[in-house]
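In this text, residue positions in the sequence shown follow my numbering: the first is 143, and each later residue adds one. Don't be surprised by glycine CBs; every beta carbon is placed ideally from N, CA and C. Just so it is clear, the structure is predicted and the values come from calculations on it, not from any experiment.
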Amino acid sequence: MSSAACQIRVLFSEPLNLGPGKIRLLEAIHETGSISGAARLLHISYRRAWLMADTLNKVFPSPLIDTAAGGVRGGGARLTTLGAAVLASYRRMETKAAKAISKEVEAILALAR
């Protein structure tokens, strides 16, 4: 198997598109526990991270990200059960796609050598 990576971009009707950026955001929110922490981790602006999170929350029947406002006790964000399910499904699609194209990737790499 090659060391080539496989990225999936699922283009539904606007605005529900899922790709590496939104998926990395979900993972970063899960890892850091906040949208601002996720933005720092991904080296993107808080505004961009918030807009992506807001879009994800609006296009599904229930939110993918549960947020709590800041204040004395601090804010935060976490993936909902639906958010974790979307993330897991996307990663499974990536794995299946990488396996499906592995022979073609090897063939292209052989031609490039």
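Give the DSSP bridge partners of residue i, in chain order.
i    : result
D196 : DSSP output for D196 lists no bridge partner at all.
I207 : L221
V152 : L160
Between the C-alpha atoms of residue i and residue j, what's the straight-line distance to the nearest angstrom?
i    : j    : result
G175 : L251 : 39 Å
R255 : R166 : 32 Å
L153 : G161 : 8 Å
May I ask which residues mark the beginning and end of the alpha helix (DSSP H) holding residue i?
i    : result
I243 : 223-254
For residue i, count neighbouring Cβ atoms within 10 angstroms of its own Cβ and tell me buried if that reaches 16, exposed if not.
i    : result
L253 : exposed
A242 : exposed
L198 : buried
L193 : exposed
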